[in-house]
Structure formats: C-alpha cells, structure tokens
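Novice: From first to last, the protein sequence lines are chains A and B.
Everything in the first sequence is counted per full-length UniProt numbering, starting at 1 for the first residue and increasing by one.
Everything in the second sequence is counted per full-length UniProt numbering, starting at 1 for the first residue and increasing by one.
2 protein chains.
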Amino acid sequence: MKVSKFGGSSVSNAEQIKKVLDIVNSDEARKIVVVSAPGKRYKEDVKTTDLLIRLYEKVIEQLDHVSKKEEIVQRYADIIDELNMSHTLLKTIDETLENYISTLKNKPSRLLDALLSCGENFNAQLIAEYNNSQGIPTRYVSPGEAGITVTDLPQNAQILDQSYETLYNLRSYKEKLIIPGFFGISRQNYVVTFPRGGSDITGAIVARGVRADLYENFTDVSGIFKANPSIVKNPEVINEITYREMRELSYAGFGVFHDEALQPLHKDRIPVVIKNTNKPNDTGTYIRHDREIDSTSVVSGISCDKDFTVLNIKKYLMNRQIGFTRKILAVLEDYDISFDHMPSGIDNISIIMRSKEIQNKEEKVLNDIRKHCDVDELSIEHDLAVLMVVGEGMHRIVGTANTITHALAEANINLKMMNQGASEISMMFGIDVTDAERAVNATYEYCYTKKCLNV
Amino acid sequence: MKVSKFGGSSVSNAEQIKKVLDIVNSDEARKIVVVSAPGKRYKEDVKTTDLLIRLYEKVIEQLDHVSKKEEIVQRYADIIDELNMSHTLLKTIDETLENYISTLKNKPSRLLDALLSCGENFNAQLIAEYNNSQGIPTRYVSPGEAGITVTDLPQNAQILDQSYETLYNLRSYKEKLIIPGFFGISRQNYVVTFPRGGSDITGAIVARGVRADLYENFTDVSGIFKANPSIVKNPEVINEITYREMRELSYAGFGVFHDEALQPLHKDRIPVVIKNTNKPNDTGTYIRHDREIDSTSVVSGISCDKDFTVLNIKKYLMNRQIGFTRKILAVLEDYDISFDHMPSGIDNISIIMRSKEIQNKEEKVLNDIRKHCDVDELSIEHDLAVLMVVGEGMHRIVGTANTITHALAEANINLKMMNQGASEISMMFGIDVTDAERAVNATYEYCYTKKCLNV
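#1: Do B/I431 and B/I413 come within 7 Å of each other at the CB atom, strictly closer than that value?
#2: How about A/L453: is its C-beta nearer than 7 Å to some C-beta of chain B?
#3: Does the beta carbon of B/A330 come closer than 7 Å to any beta carbon on chain A?
#4: Considering Cα atoms alone, identify which of B/I179, B/Y190, B/E129, B/A330 is closest to B/K107.
#5: Would you decide whether A/E292 is buried or exposed? Buried here means 16 or more other CB atoms lie within 10 Å of its CB.
#6: With 7 Å as the threshold, decide whether the Cβ of A/S297 is near any Cβ in chain B.
#7: Between which two residues does the beta strand (DSSP E) carrying B/N169 extend?
#8: From which residue to which residue does the alpha helix (DSSP H) around B/K68 run?
#9: At a cut-off of 6 Å, is A/T283 close to the ligand MG when judged by its beta-carbon and the heavy atoms of the ligand?
#10: Apart from the five residues on each side of it in sequence, which residues of its chain come closer than 7 Å, Cβ to Cβ, to A/Y173?
#11: Since A/G301 and A/G223 should fall inside the 8 Å C-beta cutoff, what is the C-beta to C-beta distance between them, to a whole number of angstroms?
#12: When you compare only the Cα positions, how much space is there between A/L89 and B/R320?
#13: At 7 Å on the CB atoms, spell out the chain A contacts of B/L153, in chain order.
#14: Run down chain A in chain order and give the residues with a C-beta less than 7 Å from the C-beta of B/E95.
#15: Could you check the C-alpha separation between A/A157 and A/V192 for me, to the nearest Å?
#16: In three-state DSSP terms, what is A/V398?
#17: Jot down the residue ranges of each uninterrupted alpha helix (DSSP H) in the stretch 320-387 of chain A, minimum 4 residues, whole runs only, in chain order.
#18: Are the C-beta atoms of B/D340 and some chain A residue less than 7 Å apart?
#19: Curious, which full-length beta strand (DSSP E) runs of at least 3 residues does the stretch 200-256 of chain B contain?
#20: Run through DSSP, which three-state label would A/Y448 get?
#21: Can you find a C-beta in chain A that's less than 7 Å from the C-beta of B/S355?
#22: Compare the beta carbon distance of B/A442 and B/A409 with 7 Å and say whether it is the shorter of the two.
#23: Can you tell which of B/I101, B/L167, B/N121 has its C-alpha closest to the C-alpha of B/T48?
#24: When the Cα atoms are used, what is the spatial distance from B/H65 to B/K58?
#25: Contact defined as beta carbons within less than 8 Å: I believe B/R438 pairs with B/A411. What is the distance between those atoms, to the nearest angstrom?
#26: Distance, Cα to Cα, A/L453 vs A/A401?
#27: If we define contact as Cβ-Cβ less than 7 Å, is B/G323 a contact residue for chain A?
#28: How would you write the range of the beta strand (DSSP E) that B/T309 sits in, first residue to last?
#29: Is DSSP giving A/S133 helix, strand or coil here?
#30: List, in chain order, every chain A residue whose beta-carbon is nearer than 8 Å to that of B/E333.
#31: Could you tell me whether the Cβ of A/P264 comes closer than 7 Å to any Cβ of chain B?
#32: Along chain A, which residues have their Cβ under 7 Å away from the Cβ of B/I346?
#33: Might you give, ordered along the chain, the residues of its own chain that have their beta carbon closer than 7 Å to the beta carbon of B/S12, omitting 5 neighbours on each side?
#34: Quick one: is A/V35 near chain B, going by C-beta distance under 7 Å?
#35: Starting from A/R244, find everything on chain B with Cβ-Cβ shorter than 8 Å and list it in chain order.
#36: Tell me where the alpha helix (DSSP H) around B/Q155 begins and ends.
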C-alpha cells in the first residue's frame with residue numbers, strides 16, 4: 001500500500017487535479033491520498049491558504065469579510081465548473097466558513113486554525129467527490145474520522161502516539177481515500193494546524209499509521225537536486241538519499257521536503273519518494289533508511305544557507321576549566337536560543353546559530369555571558385553563510401575534505417570555520433555570506449563534474 | 001634586564017655549569033639566573049630529582065636511607081671537586097637532608113616537597129658560590145628571600161599575586177642572582193613544589209616580577225622544531241611564535257616549554273626565547289605576544305598527540321532541543337572531566353578528551369548520559385590521535401585547509417573529525433592512532449618543503 005501526497009501546485013486547478021487522479025487511479029496500491037489546498041495557478045496567483053489568512057484578518061479587524069470569503073468560494077467554483085461538477089459543495093464551503101467565523105470570532109488563534117484548515121479540507125472533499133463521479137469508488141476521510149489526534153497548541157500541532165493505532169484502521173476501507181493535509185483534531189475537539197510543511201507531515205503520519213510500503217510525495221519537480229538550481233545551472237537529480245542526509249540538506253536550505261515530515265517515517269523505516277505530478281514517469285528521488293554507497297555517490301548534495309551568526313569566545317586555559325562551556329550554554333538556554341555548531345579550540349569556542357535565534361536578544365546574551373562566564377574576549381559576527389556538503393560515509397572516504405577545500409581554495413574562498421564530527425555525514429564550512437553562491441558552484445563542479453572523489 | 005633559566009641538562013656537571021656561567025657572565029643584562037637540579041650527564045644517568053624521590057621512598061618505607069642520601073651528596077661532590085671548590089657546601093647538603101627527614105618524616109607529602117626542592121636549591125647555592133669565587137659578584141637568593149609565595153597544597157603550588165610586588169625588589173641587588181627553580185614557600189612556611197615544568201614556571205614568575213625585557217629559557221636544543229624530530233627527519237627550527245601558538249603546540253605534545261609557564265608572561269607581554277646552552281649563538285625560538293605573518297610562516301608547527309578518546313552522541317533533532325548539549329556537559333562536569341574539542345552536526349556531537357580524563361569512569365559516565373540525556377545512540381571510541389596544525393592567521397589564508405587535507409589524502413589517511421573555529425589559530429584533525437606518524441610527515445612535507453601555502 002502506498003500513501004500519496006500531492007502538493008499545492010499539483011491540485012491548483014481542474015487540469016492538475018485530473019493529472020493527480022490519473023496518477024492515483026493508475027495504480028491499485030495508491031489507496032490513500034493526502035492533498036494540499038489549491039496552490040498558485042500562475043506566478044502572480046495567490047494561494048488559497050493566503051486567501052484564508054486575508055479572510056481571517058478582515059474578521060479580526062471587524063471589517064466586512066464577505067468579498068474575501070467570496071474570493072475563496074470562487075477558487076473552488078472555478079475548479080468545480082471546469083470539472084462539470086454540481087454546485088452542492090459550494091454551499092457547504094460557504095456555510096462552513098460562516099459557521100467558523102461566527103462561532104470562533106472571539107478566539108482568534110482557534111479561528112485562524114479553523115480557517116486555515118479549510119483550504120485542504122474543501123479540496124479533499126472536492127477531489128473525492130469528483131473521482132467518485134468518474135466511477136472510481138472514492139471516499140473523503142476527515143482527519144477526525146481518520147484519527148489524526150494532535151496536541152492542542154494552535155498552529156503548532158504535534159501528533160499524539162495514540163493516532164497511529166487508529167490510523168491503521170484506514171487499511172480496511174475498500175475505496176480510495178482522500179484525506180486533507182495540514183491539520184489534526186485535538187482532544188479538546190479543536191482544529192489545530194501543523195507548524196511547518198503541514199501536508200507533508202500529514203502524509204508521513206498517515207504512511208506510518210497504515211504501515212505503508214512507500215510514501216509518495218508529489219510536487220512540481222522531478223526529485224531533489226544535488227544543489228540549488230537557482231545557483232547551479234542544471235544540477236543533477238539525486239537518485240537515492242537517506243533520511244539523515246535529507247535532514248542535513250533540508251536543514252541547510254533544501255526546501256523540497258521538510259525535515260520534520262521525516263520524523264514519523266524514521267522509526268518504521270518507511271521509504272519516501274519525491275516525484276513530479278507533471279512528469280510521473282520520472283524516477284524521482286528516493287529517501288530511505290539506508291543506501292548503497294559507491295565512489296560516485298559519496299556526496300549526496302551541497303547546500304548553502306545564509307543568515308547565520310557566530311559568537312566567538314576566548315578564554316585562556318579554557319580546556320582546563322571544567323564547566324566553562326556548560327556555563328556558556330546555560331546562558332543560551334536561559335534565552336531559549338538553539339545553536340547549530342560549536343567548533344572549538346583549546347582556548348576558544350565559536351557558537352554558530354541562525355541569526356533569528358539571537359535577534360533582539362544580542363546585548364542581553366553578551367552581557368550575561370560576560371557576567372557569568374569570566375571570558376577573556378567575546379565578539380559576535382553576523383553575515384556568516386554555512387556551506388554543508390552532505391553524504392553518507394563521506395568521512396570514511398579519504399580525500400573528500402581535500403576535494404572540497406581544494407575547490408574552495410581555487411575559487412579564492414576563505415574558510416572561517418570547519419566542522420566535522422565522528423559520526424557525521426556532513427562537513428560544515430563557515431564562509432562569508434558574499435562567497436555563498438561561488439562556494440556552491442565551485443564545490444558542485446569538483447564533487448560531480450570533475451569526479452575528484454575517485455581518489 | 002634578562003631573566004635566564006637553565007634546565008637540568010645545562011647544569012648537570014662542572015663542564016656544563018662553566019658553559020652556563022660563561023653565558024651568564026658574557027652579558028651584563030643577565031642579572032637573574034634560575035637553575036634546575038642537575039639532570040642526566042649521559043643517557044643511563046639518573047636525574048638528581050629522581051635520586052631524591054628514591055631517598056623519600058626509603059624514608060617513608062622506614063628503611064635505611066643513608067646510601068640513597070650519599071648518592072645525592074656524591075652528585076654534588078663530583079661537581080664541587082671538578083670545580084676545585086671547598087667541601088663546606090657538602091656539609092650543608094648533608095645536614096639539610098637529614099634535618100628535613102627528621103622533622104617531616106611523619107608528614108609524607110611535606111617531606112616529599114622539601115626533599116624535591118633540594119635538587120634545585122643545592123645547585124643554586126653551588127653555582128652562586130662558584131661564580132663568586134671566579135670574581136663575579138654573585139648571590140644565592142632563596143625563594144623565601146626572593147618572595148616567591150605560593151598556595152599551600154603539596155606538589156601543586158600556585159603563585160600568589162602578592163609575590164610579584166616583592167619580586168620587583170630583586171632589581172635593586174647589585175650582584176648577579178642565582179635562584180633555585182621548581183618551588184616556593186607557602187604562607188604556612190612550607191616548601192611547596194610547582195606541579196609541572198617547575199623551573200620554567202619559576203623563571204616566568206621571576207621574569208614577570210622584575211618586569212624583565214626578556215626571559216631566556218636555556219635548554220639542550222636550539223629552539224622549538226616545527227615538528228617532532230623523532231618523527232620528521234631534521235625539521236626546521238621555528239624563528240618566532242606567539243604565546244597562543246606555543247600553547248596550542250605544547251598542548252598537543254610539544255614538550256620543550258610547558259604552557260603553564262607562559263601564563264605569568266602573558267599579562268605583561270614579556271617575550272621568551274628558547275636557546276641552547278651548548279650553542280648559545282644559535283638564534284633560538286622567540287615566543288612573543290604578536291608576530292609578523294608572511295606566506296612562508298603561516299603554519300608555525302605541526303604536532304600530533306595520541307591517547308585521545310571520543311564520545312559520539314546521536315540524537316534526532318538535537319539542534320532543536322535547547323539544553324541538550326548543556327546536559328551532556330553537566331554529566332562530564334559531575335565526573336570532573338575536561339574535554340578538548342566538540343565537533344558537532346545537526347543530530348550528533350563528538351566530544352574529544354584525553355583518554356586519562358575518562359579512564360575508570362567510562363561506564364558510569366555513559367550510564368549517566370543515557371539516564372539524563374535521552375540520547376538515540378551513544379558510543380565511545382578509543383585510539384584517536386589528534387593532529388594539530390598551528391599558525392596565527394592561518395584561517396585567514398585561503399588554501400591552508402586545502403594544503404593539509406591534500407597532504408593527508410595523498411598519504412591515504414582518513415579524517416575522522418575536523419574542527420576549526422572562527423578565532424582559531426589551529427586546525428584539528430582527528431585520525432586513527434596508527435596514522436599519526438605518517439600524518440605528521442605528510443603535513444610537514446606539504447606545509448614546508450613544497451611551500452604549497454603560497455596559493
């Protein structure tokens with residue numbers, strides 16, 4: 001059994017929805033389908049989810065919301081008309097929106113979640129109804145019916161473990177099932193949305209719940225590129241990648257598949273494939289627990305993310321002062337700051353974090369470190385970019401570091417920091433933000449084009 | 001004014017002592033001399049300090065100690081006879097030893113410190129008397145008279161800040177002054193020895209106290225080599241190095257000058273020179289606060305130390321768990337373990353420490369981490385060697401990392417870990433202990449012989 005998730009661009013209009021259903025109906029194993037809200041149909045278009053946010057804002061500001069609501073109803077009306085479906089669903093859509101507005105207008109964050117859920121929810125109902133009308137037994141299953149039970153904090157749903165048992169019952173349905181992504185139901189019976197990469201998370205949760213053989217994630221690209229295609233010209237697609245590699249890459253800027261969506265799959269080792277709705281015969285990128293490694297596939301991908309900040313701390317005889325680093329980290333913890341890397345010397349330590357982590361807290365954090373930690377020197381550096389070169393077993397292949405540092409040296413890029421731990425599948429290089437694009441191109445060229453890794 | 005310290009091999013016999021005094025007397029600025037105990041005269045010889053330890057052991061075991069004492073007296077008698085000096089000092093030596101034994105035999109650790117101090121103390125008296133007899137006004141100054149006041153924990157003396165004021169008065173003596181190294185006097189009036197690199201520390205303390213222009217550290221090599229001469233054949237001598245570089249190198253196995261001895265010099269930026277008693281005209285190696293850097297002197301030295309252990313910890317979504325690393329470090333702190341490096345990934349962290357830090361505590365530490373930190377995987381790896389490549393401004397020169405990783409790749413050496421922080425003057429490479437010697441040779445060749453750094 002496969003669970004297939006389709007992203008916003010794949011279900012943005014009638015034509016796309018037909019493609020999706022061709023894909024779904026062409027394979028008996030595609031039993032469960034998770035859908036997003038209708039995305040953009042063209043570059044300047046507005047996503048349904050964004051229309052819903054605008055509607056929410058009108059309601060909260062106590063302004064007339066009717067025209068905003070009608071824009072939303074019209075998005076679905078366009079699809080329904082193109083698919084020659086009856087207008088019954090449009091009435092449900094209008095009534096549902098008005099019902100949420102009237103009952104939740106005094107609970108803004110509950111209202112936001114309820115309205116946000118509509119984009120996916122209406123689309124799932126629409127797609128189920130249409131596929132059924134085409135003679136394929138298909139059923140809409142709401143997250144409540146499916147048993148996607150989540151924690152109760154608005155916009156930050158976390159799945160509850162009990163859900164997985166209930167979800168297993170989805171296997172017994174005879175029809176194809178269409179489930180809306182992006183939200184669950186709390187035990188307090190509220191609609192609560194997932195924090196990020198919402199529909200991907202629903203797909204992953206359902207795939208785990210039904211013990212799927214494969215979780216198909218359909219989007220508008222034919223897989224995951226080895227580097228950002230807006231930086232590297234025509235990068236290759238990755239054939240196969242591990243969960244851990246995917247997480248490292250998505251951490252450092254690969255947006256295709258959100259790393260949080262991998263978490264449910266991890267435990268039961270359910271493989272994922274990223275495929276293209278518009279080119280369903282392209283192989284796509286498989287994400288698995290393990291993969292075979294040969295000399296041509298040592299490096300899976302290269303990414304570079306900007307907006308990092310680094311705290312540099314010097315302390316003479318630091319390594320002899322037991323507890324010194326722990327004290328520094330305790331200050332960061334006080335300010336709820338998570339950091340990503342911590343390369344260190346004997347007498348100094350650099351703590352690398354996303355700039356947003358320390359934004360608006362900078363002065364306080366620096367003062368607290370000075371106060372509690374008796375440092376010799378303390379400085380902060382912005383505009384750091386982090387180049388991540390990711391590959392399973394990379395650290396076991398002699399020469400990988402050499403290939404990368406050679407590429408960077410030839411491109412005249414200065415390495416401010418370097419970090420590679422024992423169990424790591426990535427190497428981190430701290431560089432100046434102005435070198436970011438050149439660094440990706442230089443590394444890509446050496447890792448793939450010049451095949452330097454066959455040392 | 002210069003403070004000149006002479007190591008054990010420089011003052012091991014009459015011939016060496018004459019060389020030392022030629023050096024001292026040839027320069028008006030060499031006002032204050034710190035001397036070690038007589039060291040080995042030939043390979044199988046026993047250092048005076050070790051003879052003193054044997055004497056101590058006899059006393060503690062309540063065995064006859066006379067023959068051991070006589071061996072010590074004989075060491076000085078040999079020197080005194082060769083220098084045609086009177087035997088008066090020998091009587092003092094014998095009496096002092098017996099006096100310590102009878103008054104301190106029930107306070108073993110006090111007795112050990114008192115006996116240990118004799119090696120340096122008798123030698124300082126001997127050398128002062130001899131130089132005086134040669135017509136050069138010279139005076140023995142005991143640490144008590146000089147004002148080297150230290151904390152009271154046996155074998156672990158720490159200088160007290162008040163000492164520096166008293167020591168300044170040494171400037172007003174007209175004679176050349178000979179001070180024994182290795183020990184001070186506590187406020188409780190006990191002899192207490194310094195923990196490590198004892199006479200180097202005395203020299204540094206005195207140099208700071210008298211605000212010396214230069215602290216000369218005479219030993220039996222013409223400076224500090226760029227790599228261990230027992231690994232690399234005929235390595236070059238370093239001309240100039242900074243305190244920070246020296247500390248990194250001595251941390252990782254460069255034994256010439258103990259890094260703890262640098263600490264007193266740091267604050268007043270007193271330069272040090274390491275010189276050869278047997279070749280006093282060789283330039284030696286200068287250790288300063290700052291140095292000029294050009295492309296040929298980017299890398300100061302290469303060292304490799306063995307006996308490291310690494311704790312590898314994996315935790316999915318580690319970087320999102322604020323406080324995770326702090327909890328791990330708190331466990332290490334509970335067990336009084338200091339660590340040296342902590343390269344990390346998003347989901348994993350490696351903590352590198354000297355093996356002795358975790359010896360006999362391994363099971364407990366691992367259990368506590370498992371108990372308190374909810375890790376996914378925890379493993380420990382022994383037999384790690386740490387290659388350190390040290391140089392001021394190295395991280396500012398494009399291509400340094402490339403040169404080193406290239407050298408290691410060509411030598412087919414796998415890099416298990418890498419670490420370089422923003423403010424660092426060193427790069428750390430974790431390698432297998434069996435690769436240690438080859439790694440040093442390969443890196444040396446590329447950094448110095450091939451001059452690859454002139455990228």
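Ideal Cβ positions, reconstructed from N, Cα and C, are used throughout, including at glycine.
Computed from a predicted structure; not experimentally measured.
Specialist: The relevant details are as follows:
#1: Counting from one through the second sequence, the residue named residue 413 of chain B turns up at place 413. Counting from one through the second sequence, the residue named residue 431 of chain B turns up at place 431. Their beta carbons are under 7 Å apart, which means B/I413 touches B/I431 by this criterion.
#2: For the purposes of this step, residue 453 of chain A is taken as residue 453 along the first sequence, with counting starting at 1. Residue placement at A/L453 is poorly supported in this model, since its pLDDT is 45, which falls under 50; the coordinates are not used for a value here.
#3: Taking the second sequence and counting its residues from 1, the one referred to as residue 330 of chain B is at position 330. Yes, B/A330 counts as interfacial toward chain A.
#4: Translated into positions along the second sequence, residue 107 of chain B becomes position 107. When each option's Cα is compared against that of B/K107, the closest is B/Y190.
#5: For the purposes of this step, residue 292 of chain A is taken as the residue at position 292 of the first sequence. Exposed, since its Cβ has fewer than 16 Cβ neighbours within 10 Å.
#6: Position 297 of the first sequence, counted from the first residue, corresponds to residue 297 of chain A. A/S297 does not count as touching chain B.
#7: Position 169 of the second sequence, counted from the start, is the residue given in the question as residue 169 of chain B. Counting along the chain, B/N169 falls outside any beta strand (DSSP E), and DSSP gives it neither H nor E.
#8: Here residue 68 of chain B corresponds to residue number 68 of the second sequence, with the count starting at 1. It spans 66-82 - the alpha helix (DSSP H) in which B/K68 sits, taken as one unbroken run.
#9: Looking at this structure, you won't find the ligand MG or any other ligand, since it has none at all.
#10: Position 173 of the first sequence, counted from the start, is the residue given in the question as residue 173 of chain A. A distance below 7 Å between beta-carbons, with the five flanking residues on each side excluded, links A/Y173 to the following residues of its chain, in chain order: R139.
#11: Residue numbering aside, residue 301 of chain A sits at position 301 when the first sequence is read from its first letter. Residue numbering aside, residue 223 of chain A sits at position 223 when the first sequence is read from its first letter. About 11 Å; that fails the 8 Å criterion.
#12: Translated into positions along the first sequence, residue 89 of chain A becomes position 89. Translated into positions along the second sequence, residue 320 of chain B becomes position 320. Distance between the alpha carbons of A/L89 and B/R320: 42 Å.
#13: Within the second sequence, the letter at position 153 stands for residue 153 of chain B. Result: empty, since nearest Cβ-Cβ is about 16 Å, beyond 7 Å.
#14: What you label residue 95 of chain B is simply residue 95 of the second sequence in a count that begins at 1. Those do not exist, as B/E95 stays about 40 Å from chain A at its closest Cβ, beyond 7 Å.
#15: Taking the first sequence and counting its residues from 1, the one referred to as residue 157 of chain A is at position 157. Taking the first sequence and counting its residues from 1, the one referred to as residue 192 of chain A is at position 192. One C-alpha to the other measures close to 6 Å.
#16: As a working mapping, residue 398 of chain A is identified with position 398 in the first sequence. Coil at A/V398, not helix or strand.
#17: Here the runs fully enclosed are 324-334, 355-358, 362-373.
#18: Start at 1 with the first residue of the second sequence, and residue 340 of chain B comes out as number 340. It does; some Cβ of chain A falls within 7 Å.
#19: 214-219, 240-242
#20: Residue 448 of chain A sits at position 448 when you count from the first residue of the first sequence. The DSSP-derived three-state label of A/Y448 is helix.
#21: Numbered from its first residue, the second sequence carries residue 355 of chain B at position 355. Closer than 7 Å: no.
#22: Here residue 442 of chain B corresponds to residue number 442 of the second sequence, with the count starting at 1. Here residue 409 of chain B corresponds to residue number 409 of the second sequence, with the count starting at 1. Not closer than 7 Å, so no.
#23: Taking the first residue of the second sequence as 1, we reach residue 48 of chain B at position 48. When B/I101, B/L167, B/N121 are compared, the shortest CA-CA separation from B/T48 is found for B/N121.
#24: Reading the second sequence from its first residue, position 65 is the one you call residue 65 of chain B. Reading the second sequence from its first residue, position 58 is the one you call residue 58 of chain B. About 5 Å.
#25: Start at 1 with the first residue of the second sequence, and residue 438 of chain B comes out as number 438. Start at 1 with the first residue of the second sequence, and residue 411 of chain B comes out as number 411. Cβ atoms of B/R438 and B/A411 come within 8 Å of each other, at about 5 Å.
#26: As a position in the first sequence, residue 453 of chain A is number 453, starting the count at 1. As a position in the first sequence, residue 401 of chain A is number 401, starting the count at 1. For A/L453, the predicted structure reports a pLDDT of 45, less than 50, and the residue's modelled location is therefore unreliable. The matter cannot be settled from this model.
#27: Position 323 of the second sequence holds residue 323 of chain B. Yes, B/G323 lies at the interface with chain A (some Cβ there is under 7 Å from its Cβ).
#28: As a first step, residue 309 of chain B is located in the second sequence; it is residue number 309 there, counting from the start. Taken as a continuous stretch (DSSP letters only), the beta strand (DSSP E) holding B/T309 covers 301-314.
#29: What you label residue 133 of chain A is simply residue 133 of the first sequence in a count that begins at 1. Three-state DSSP puts A/S133 in a helix.
#30: Start at 1 with the first residue of the second sequence, and residue 333 of chain B comes out as number 333. Correct list: I322, G323, R326.
#31: Reading the first sequence from its first residue, position 264 is the one you call residue 264 of chain A. Not one chain B Cβ lies under 7 Å of A/P264.
#32: Here residue 346 of chain B refers to the residue found at position 346 when the second sequence is read from its first residue. Per Cβ cutoff of 7 Å: R247, E248, Y251, D340.
#33: To locate residue 12 of chain B, count along the second sequence from 1; it is residue 12. Excluding residues within five positions, the ones whose Cβ falls inside 7 Å are P38, G39, K40, R41.
#34: For the purposes of this step, residue 35 of chain A is taken as residue 35 along the first sequence, with counting starting at 1. Chain B contact via Cβ: absent.
#35: Against the first sequence, residue 244 of chain A aligns to sequence position 244. Ordered by position in chain B, the residues that pass the 8 Å Cβ test against A/R244 are D347.
#36: Stepping through the second sequence from its first residue, residue 155 of chain B is reached at position 155. No alpha helix (DSSP H) holds B/Q155; DSSP gives it neither H nor E.
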